[in-house]
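S.K.: Take this structure, written in structure tokens, and hold onto it; I'll ask about it next.
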Amino acid sequence: MPYLPMPPPLPYVESEGFWEGCKRRELVIQRCKDCGTYRHPPIPMCPACQSWNWEGTKVSGRGRVEGFTIVTRAVFPGMPAPYNVVRVELEEQDGLLILGNVIGCHPDEISIDMPVKVTFEDVTPEITMYYFEKAA
Amino acid sequence: MATIKDKYAIVGIGHTDYSLNSGRSELHLALEAITAAIEDAGLGFKDIDGIVGDHPSRVDAMTIGSALGLRDFGFFIETDFAGGGVPGGLLHAIAGIEAGRATSVVCYKSLNGSSKLTLPGFSFAAEPHELGFTRPFGLLAPAAYAALAARRHMHQYGTTSRQFGAIAVACRKHANRNPNAIMYGESMTIEDHQDSKMIADPLRLYDCYVEADGAAACVVTSAERAKDLRQWPVCIMAAGQACVPCLSRWTKDPTVNENETSYLARQLFSMAGLVPADVDVLQVYDDFTPLVLMAIEDMGFCSKGEGGPFVEGGRVVWPDGKLPLNTSGGNLSEGCIDGFNHVIEAVKQLRGTSTAQVKDAEVAMVCGATGVPTSGLILRR
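Quick note, the sequences are listed as chains S and W, same order. Take the first sequence: its letter number 81 is residue 80 in numbering that gives the first Met the number 0, and every next letter is one higher. Take the second sequence: its letter number 150 is residue 149 in numbering that gives the first Met the number 0, and every next letter is one higher.
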């Protein structure tokens, strides 16, 4: 198990579909049904056209590391440092950012613009988490 | 648009000692700072008819009004976004007076940020839509948010850890002159900075603020009324708030030119009729050194990407630097009073009572936290 998700995600009205998607091993990103703009994290109204109409859309899960940090001082019990946090720009849209951890990769290997792809792990019977791994 | 320029003044300031463990409640600290500010102004408690607090806080206007013996008052509000919101509290004070709802408003911030001696249930306010996508990945401490932005800035512009360190060393040098600074007796060299342990790469321990217990307050009234009060008034040339909406704090890109700090600075300079070169002393919210460097760029003191070279070589160091920065030591070395300490220091500079006094300082600028909705002030003697 790479990272125990402590504290756990908080499925919340608009984000339930996202975490349901993870259980199916799909990365489901909110998309406006009127103008087609993706957005994340989920909110009820489209920031591009103010439409209320949206749907969860499966995306490729591919992107590049846009920013990262290696947290070296633990701040939460159950989440020992060091660990990385990456900000990934998904390939579907410029500026479509999602946070995550890169697994299966030494911290020194992580760099800005590194290609990554999504992967999933069942960390508890209730929670499936998404992570990123280095892509070719 | 009607202007507030020069119509309002800061007439009183007060603060507690800043410490690692106050041993007093946040209400006690708030009342110490507030009563000191009112007395400094030469006003009586009952002259206060407006209260501006700060979120997140466990000290409310009703309790403060009650302690001060106020019979009734018709203006009270809390600002939002912690370190981003504090200078904007003075804008709210002005709005209350401008609307005819108050004449003399006290603004304050009180926190036991170090000892955590606070009421239960306190938590950093954020929407579930945001937290659910940050906490599971370990983006928990504010330092990690700042680290993401810092790494991006280094990648784009070649900014170095030593350049971040120049800010920390400048603030420490200023704190070493300020007996109320938590780091008063602790010197720091750039090597000390480079040797300090990594917290969230590239942020080292000495890139991070000093958590503190303490409170600070000031009294705002009209420039007209200020003439009759005890202190030489510090005139508010400009006060503003700035929000550039985005879906989450962690999506901020530090390399784009348009953000809340640049928007804020444009507003403030336009309102005051000044340019960056007119600023004699600068107080910038400094929880993390890279964000100060970025704020200096965004405010127009140098171009985007040139913050690193700008802060090297003593430019922001009192007494010889052209733009002395955080002359009381700031959050990095005086102690974090969520940026109210920066407001207090700006006023002291213009009164000529700072412990790192800039000679003939006439114009001081205050900028709240960067990377969140923020606020700021331009003040003059």
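Just so you know, even glycine gets a beta-carbon here, dropped at the ideal spot from N, CA and C.
Report the rounded CA-to-CA distance for D242/W versus C366/W, giving the unit in angstroms.
M.R.: What sits at residue 242/W in the sequence shown is Cys, not Asp. Going from the Cα of C242/W to the Cα of C366/W covers about 13 Å.
S.K.: Looking at C-beta atoms only, is the number of pairs between the region 99–117 of chain S and the region 175–191 of chain W that lie closer than 8 Å three or more?
M.R.: no
S.K.: List, in chain order, every chain W residue whose beta-carbon is nearer than 7 Å to that of V70/S.
M.R.: Here the neighbours are G137, A143, A199.
S.K.: Mapping DSSP to helix, strand and coil, what is L331/W?
M.R.: helix
S.K.: Is the CB-CB distance between G306/W and Y144/W below 9 Å?
M.R.: no
S.K.: Are the beta-carbon atoms of I295/W and I3/W separated by less than 9 Å?
M.R.: no
S.K.: What does a CB cutoff of less than 6 Å around G387/W pick up in its chain, not counting 5 residues either side in sequence?
M.R.: Residue 387/W is absent from the model: chain W starts at 0 and stops at 380.
S.K.: In or out: S269/W buried (at least 16 other Cβ within 10 Å) or exposed?
M.R.: exposed
S.K.: Got a sec, what are the start and stop residues for the alpha helix (DSSP H) M153/W sits in?
M.R.: 141–156
S.K.: Grab the span of the beta strand (DSSP E) containing N111/W for me, first residue to last.
M.R.: Residues 103–111.
S.K.: Leaving out the 5 sequence neighbours to the left and right, which residues in its chain are closer than 6 Å to V79/S when beta-carbon positions are compared?
M.R.: Before going on, a small fix: residue 79/S reads as Pro here, not Val. Listed in chain order, the non-local C-beta contacts of P79/S below 6 Å within the same chain comprise A73, local neighbours out to five positions each way being set aside.
S.K.: Please name the residues in the region 11–25 of chain S whose beta-carbon is closer than 7 Å to at least one beta-carbon of chain W, in chain order.
M.R.: Y11, E13, S14
S.K.: What are the start and end residues of the beta strand (DSSP E) that includes K347/W?
M.R.: From DSSP, K347/W is part of no beta strand (DSSP E) but of the alpha helix (DSSP H) over 339–350.
S.K.: Which value, in whole angstroms, describes the spacing of the CA atoms of P124/S and P41/S?
M.R.: 24 Å
S.K.: Using the Cβ count rule (16 or more neighbours within 10 Å means buried), how would you classify R30/S?
M.R.: Its Cβ being crowded by 16 or more others within 10 Å, R30/S is buried.
S.K.: Is it a yes or a no for the region 19–30 of chain W touching the region 50–70 of chain S, going by three-plus beta-carbon pairs under 8 Å?
M.R.: no
S.K.: Do you know whose CA, among F72/W, A215/W, T159/W, lies nearest G13/W's CA?
M.R.: A215/W
S.K.: Name the chain W residues whose beta carbon is nearer than 8 Å to that of I111/S?
M.R.: Chain W residues near I111/S: R150, R151, H154.
S.K.: From G334/W to E344/W, what distance separates their C-alpha atoms?
M.R.: The straight-line gap separating the alpha-carbon atoms of G334/W and E344/W is approximately 13 Å.
S.K.: Check for me: the beta strand (DSSP E) holding M364/W runs from which residue to which?
M.R.: 362–366
S.K.: Using beta-carbon positions only, say whether G375/W and A237/W come within less than 9 Å of one another.
M.R.: yes
S.K.: Kindly identify the DSSP beta-bridge partner or partners of T127/S.
M.R.: T127/S pairs with D121/S.
S.K.: Using alpha carbons as the reference points, say which of R224/W, T62/W, G82/W, V209/W lies closest to L42/W.
M.R.: Selected option, being the one with the closest Cα: R224/W.
S.K.: Is the region 46–54 of chain W touching the region 90–102 of chain W, taking contact as three or more C-beta pairs under 8 Å?
M.R.: With a cut-off of 8 Å on Cβ pairs, the region 46–54 of chain W is in contact with the region 90–102 of chain W, counting three or more such pairs.
S.K.: Indicate whether T78/W and D53/W have their beta-carbon atoms separated by less than 9 Å.
M.R.: yes
S.K.: Over the uninterrupted beta strand (DSSP E) stretch that includes K57/S, give me the two end residues.
M.R.: 53–57
S.K.: Can you check DSSP and say which residues form a bridge with N83/S?
M.R.: Its beta-bridge partners are I69/S.
S.K.: K6/W and I336/W: beta carbons closer than 9 Å?
M.R.: no
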